[in-house]
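Going by the working numbering, the first residue of the sequence shown is number 11, and it counts up by one from there.
Everything on this sheet refers to the single structure shown next.
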Amino acid sequence: MVTSFSKYFFIISVTETIKVSSKVQMTIKNDQYYITKVLEGDTSAFSVLVDRYKDLIYTLALRMIKNREEAEEVSQDTFIKVYKSLAKFKGDSKFSTWVYKVTYNTCLDRLKKLKRTQNTVAINAFTEHEVKTLDSALEALEIKERKQAIQECIGLLPSDDSFLLTLYYFEEQSLDEIAKVVSLKPNNVKIKLYRSRKKLASILRARLEPELIEHYERAGK
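Structural data, given as structure tokens:
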């Protein structure tokens, strides 16, 4: 039985979520604790928040900017903005969602400054045969390899697509939370995610089909 392509995303993204879901509320409470400490004058407490989010902020910035040095600068600018605006965080959303929004807007500002244009990936209409072929290619890979392949291919997508898919599949942000980050309605985010997934599928198919062929050639020897 062929598992749908979307289910692979689900399996990969929720495996780790199941392990850490019980810690989500604790993380939110911990965030608020350190936010309060910073606002009370303990500036060293901000380093805890930096350590907690620095890797993700850099990843999101790299997804958008497509340049490591620029992504590092965007990460630094993001934390400076977060620090200066910390008093404005009212707790209406998760702190992580607010940080992602600051990151997103900082990336947009940097892209405007660089006046960089991103190449687009054509959206192909998938036939049932194409989807099954892609599923077969994914099945030929180990789970770790499959996740790595998806991560690498996400990095090849245009900025917005990379950013959205990273938040949705690897940071478990809901449609409502992503909508707050990118200032869109949840339904619009859903549509953009659908289109982003099709672009990702195009890249995955191009990369994985050769690996599938090689897999069967090795098996036949």
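Glycine residues also receive a C-beta, built at the ideal position from the N, C-alpha and C atoms.
For this session: Below 8 Å on the Cβ atoms is my guess for T116 versus K91; work out the distance and round it to an integer in Å.
Result: 6 Å
Problem set entry | Alpha-carbon spacing of T46 relative to R217, whole angstroms | 47 Å
Exercise. Looking at the unbroken alpha helix (DSSP H) that takes in F99, where does it start and where does it end?
Worked result: Note, F99: premise wrong, no alpha helix (DSSP H); not H, not E.
Exercise. Assuming L210 and L167 make a contact with CB atoms under 8 Å, what is their CB distance in whole Å?
Worked result: 6 Å
Problem set entry | DSSP-derived helix/strand/coil call for L194 | coil
Exercise. With 16 other CB atoms within 10 Å as the buried threshold, where does L160 fall?
Worked result: Before going on, a small fix: residue 160 reads as Ile here, not Leu. Under this definition I160 is a buried residue.
For this session: List the endpoints of the continuous alpha helix (DSSP H) containing K64.
Result: Element bounds for K64: 56 to 75.
Exercise. Of the choices F89, L49, A81, I75, whose alpha-carbon is the least far from that of D61?
Worked result: F89
Exercise. Going by Cα to Cα distance, which pick from F56, F99, T176 is closest to R73?
Worked result: T176
For this session: For L124, count neighbouring C-beta atoms within 10 Å of its own C-beta (all shown protein chains included) and say buried if the count is 16 or more, exposed if not.
Result: exposed
Exercise. Of the residues T107, Y44, A55, which one's Cα is nearest the Cα of E182?
Worked result: Taking E182 as reference, the option from T107, Y44, A55 with the minimal CA-CA separation is T107.
Exercise. Expressed to the nearest angstrom, what Euclidean distance is found between the alpha-carbon atoms of L81 and E50?
Worked result: The question names Leu, but residue 81 in the sequence shown is Ala. Taking the straight line from one Cα to the other gives about 31 Å.
Exercise. If you draw a straight line from the C-alpha of I75 to the C-alpha of Y43, how long is it?
Worked result: About 32 Å.
Exercise. Cβ of P196 within 8 Å of Cβ of L185?
Worked result: yes
For this session: Could you pull out every residue in the same chain whose Cβ sits closer than 7 Å to the Cβ of Y114, ignoring the five residues on either side in sequence?
Result: Apart from sequence neighbours up to five positions away, the residues of its chain that approach Y114 with a beta-carbon distance below 7 Å are F173, V191, V192, ordered along the chain.
Exercise. Closer than 8 Å, CB to CB, is L66 near chain D or not?
Worked result: This model lacks chain D altogether, as it is built from one protein chain only.
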